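Position in the sequence shown counted from 1, then plus 929, gives you the working numbering. We treat Cβ as the ideally placed atom computed from N, Cα and C, and that holds for glycine. Predicted model only: the values in this text are computed from it and were never measured.
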Amino acid sequence: MEIVVIVVGLALMFIPTGLDTIPLTALIIIGLGCAPIYPSIIHSIPFNFGKENSQSVIGIQMAFAYVGTTFMPPLFGIISQHITIALFPVYILIFTLLMLLSTERLNKMKSVNERN
């Protein structure tokens, strides 16, 4: 469900208008779509990786979350400074697709492991 909300926000960002309110609304919608993702992945760790691995996996996920929040904004700042800020929707789209592909890969690996 979260991915649908993010995609709706991205679709709004791609609408070329002269209004500032539409991209701002799109950012709010994207933020609402992303908000439940982090707690959801933390909550699903015992199911996906087993209770015995939960503590280690949560530590790894938190480390990557902090690395992402530390480096993703400056990375886009460099991109927008040298190219254009108009790439922001594409930047978000790339990482949304990466998140979707990673989630689907994890789900596929989990279902294969359950069958064996």
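Original post:
Do you know offhand how far Thr954's Cα is from Ile971's?
Top reply: 28 Å
Original post:
Can you name, in chain order, every residue of its own chain whose Cβ lies under 8 Å from the Cβ of Leu941, other than the five neighbours on each side?
Top reply: Ile951, Pro952, Thr954, Ala955, Ile958
Subject >> Beta-carbon proximity list for Val937, same chain, < 8 Å, skipping 5 on both sides >> reply: Ile958, Gly962
Original post:
Are Phe1017 and Phe1005 closer than 8 Å when you measure CB to CB?
Top reply: yes
Original post:
Can you tell me whether DSSP reads Ala992 as helix, strand or coil?
Top reply: helix
Original post:
Is Ala930 helix, strand or coil by DSSP?
Top reply: A small fix is needed here, since residue 930 is Met in this sequence, not Ala. Note: Met930 maps to coil in three-state DSSP.
Subject >> Distance CB(Ile989)-CB(Leu939) smaller than 8 Å >> reply: no
Original post:
At what residues does the alpha helix (DSSP H) containing Lys1039 begin and finish?
Top reply: 1017-1044
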